[in-house]
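In the order they appear, the protein sequences are chains D and U.
Taking the numbering used here, I'd label the letters of the first sequence as residues 224 to 374.
Taking the numbering used here, I'd label the letters of the second sequence as residues 224 to 374.
Number of protein chains: 2
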Amino acid sequence: MEYEQLKLDNQLCFRLYTAARLTMGAYHPYLDLLGITYPQYLVLLVLWEQDKQPVNDIAHKLFLETNTVTPLLQRMEKAGLVKRTKGKEDTRQRIVSLTKKGIEMREQAKHIPDCLSDEIIQITGEEEEFVRMIPSLDKLIEGLKHTTHNK
Amino acid sequence: MEYEQLKLDNQLCFRLYTAARLTMGAYHPYLDLLGITYPQYLVLLVLWEQDKQPVNDIAHKLFLETNTVTPLLQRMEKAGLVKRTKGKEDTRQRIVSLTKKGIEMREQAKHIPDCLSDEIIQITGEEEEFVRMIPSLDKLIEGLKHTTHNK
DNA sequence: CAAATTTATATCGTTCACGATGCAAAAGTA
DNA sequence: TACTTTTGCATCGTGAACGATATAAATTTG
């Protein structure tokens, strides 16, 4: 049993990695209709809650690096979802704001979370159990932020 | 409250996505010492449990597509961790086997899971709570496999 | 057995994710 | 005020992830 810990079956991270990918897969049909990807959907969630934010704020809320978010925003700008303007007080900043198209997409996206819940319930007969993981996941995320590499 | 469901705070998938990325980040310092990435580590876990498997079996165990795993294996072959030989009964198959270097790495990787557990415990004062998520994650993953897009 | 279909893997193009690095503007310091 | 450091964002290179497509070998069918 010397290598027992190295079995895939014993690994939490592998579950998170897999569950995250498959969940994003489940979003795919809905996001395809809107012509956006899951990370782009996340950016929209952030902007729908509060429009006109600098790149840094968006990256921080998504726990991503700015060098991931910048090209993401460039693609979204090319797709006509957002526009990026120079900051006024701090000209280093790029303020990201929603276009008309980006604002209107909220209405079409409104039902996605419920669609997904329904699908999960229909397939697994469960929902409560998964929602109950949220506080644990938040605690884990909060802890992982203070890991050597994630600081 | 019309858009309440579209808040980042209410999204399970966002937690999974973030937790998975940050957990992989926590593995980073350990895997760097071995010169491998997290997905490469997963492939090694699979091969350490059973050497000499076709690409398809590896992909299936990791819930990945073969067009993700093939380039991954090519990089691992270039790094001298595995070799890929033509299958004998079925010549379409590529049998992936560990090299000496790949076999020996198991010894160096042996303590990684415990190192990570210790780190999590030290930071969050918790471990049980996260381990308790595993059955729920497995149930979720099993369900998600039967989603339209993940079939 | 020959033709059609399926299967195993590979290749290509696009989008993330992120380390390393660069650059200009802002902030701090002498 | 001149100089140094920090900050905000961008660019580049590498490694995933995956859809679409290609190709050859196996399997099924007629």
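Idealized CB from N, CA, C, for every residue including glycine.
Residue 359(D) versus 363(U), 364(U), 350(U) and 298(U), residue with shortest Cα-Cα distance: The residue labelled residue 359(D) in the question sits at position 136 within the first sequence. Of the candidates 363(U), 364(U), 350(U) and 298(U), the one whose C-alpha sits nearest the C-alpha of residue 359(D) is 350(U).
Cβ-based contacts, 9 Å cut-off: residues of the region 332-344 of chain U near chain D: 332, 333, 334, 335, 336, 337, 339, 340, 342 and 343
Residues that residue 326(U) contacts on chain D, provided the C-beta gap is smaller than 7 Å: Position 103 of the second sequence, counted from the start, is the residue given in the question as residue 326(U). Those do not exist, as residue 326(U) stays about 12 Å from chain D at its closest Cβ, beyond 7 Å.
Pick from 299(U), 246(U), 230(U) and 229(U) that is closest to residue 371(D), judged by C-alpha positions: In the first sequence, residue 371(D) corresponds to position 148, counting from 1. Answer by Cα proximity: 246(U).
Residue 263(U), buried or exposed, once every other Cβ within 10 Å from all chains shown has been counted against 16: Your numbering for residue 263(U) matches position 40 in the second sequence. Buried: at least 16 other Cβ atoms inside 10 Å.
Straight-line Cα distance separating residue 334(D) from residue 327(D): On the first sequence, position 104 is the one that residue 327(D) refers to. On the first sequence, position 111 is the one that residue 334(D) refers to. Computed Cα separation, rounded: 14 Å.
Contiguous alpha helix (DSSP H) assignments of at least 4 residues, all confined to the region 267-301 of chain U: 278-284 and 289-301
Stretch-stretch touch, CB-based, cutoff 8 Å, three pairs: the region 305-324 of chain U with the region 253-263 of chain U: No: the two stretches stay apart, fewer than three of their Cβ pairs being nearer than 8 Å.
Interface flag, residue 256(U) vs chain D, CB-CB below 8 Å: As a working mapping, residue 256(U) is identified with position 33 in the second sequence. By this cut-off, residue 256(U) is not an interface position.
Check whether residue 252(D) and residue 317(D) have beta carbons under 8 Å apart: To locate residue 252(D), count along the first sequence from 1; it is residue 29. To locate residue 317(D), count along the first sequence from 1; it is residue 94. At least 8 Å separates the beta-carbon of residue 252(D) from that of residue 317(D).
8 Å Cβ cut-off: residues of chain D touching residue 247(U): In the second sequence, counting from the first residue as 1, residue 247(U) sits at position 24. By Cβ distance, chain D contributes 236 and 240.
Pairwise C-alpha distance: residue 282(U) and residue 242(D): Translated into the one-based positions of the first sequence, residue 242(D) becomes position 19. Translated into the one-based positions of the second sequence, residue 282(U) becomes position 59. Answer to the nearest angstrom: the Cα atoms are 15 Å apart.
Residue 308(U) (DSSP reduced to helix, strand or coil): By 1-based counting over the second sequence, the position of residue 308(U) is 85. Strand.
Proximity below 8 Å, CB of residue 228(D) to CB of residue 313(U): If you number the first sequence from 1, residue 228(D) lands on position 5. If you number the second sequence from 1, residue 313(U) lands on position 90. No, they are not a contact pair.
Extent of the continuous alpha helix (DSSP H) to which residue 256(U) belongs: Within the second sequence, residue 256(U) is the residue found at index 33, counting from 1. Residues 235-257.
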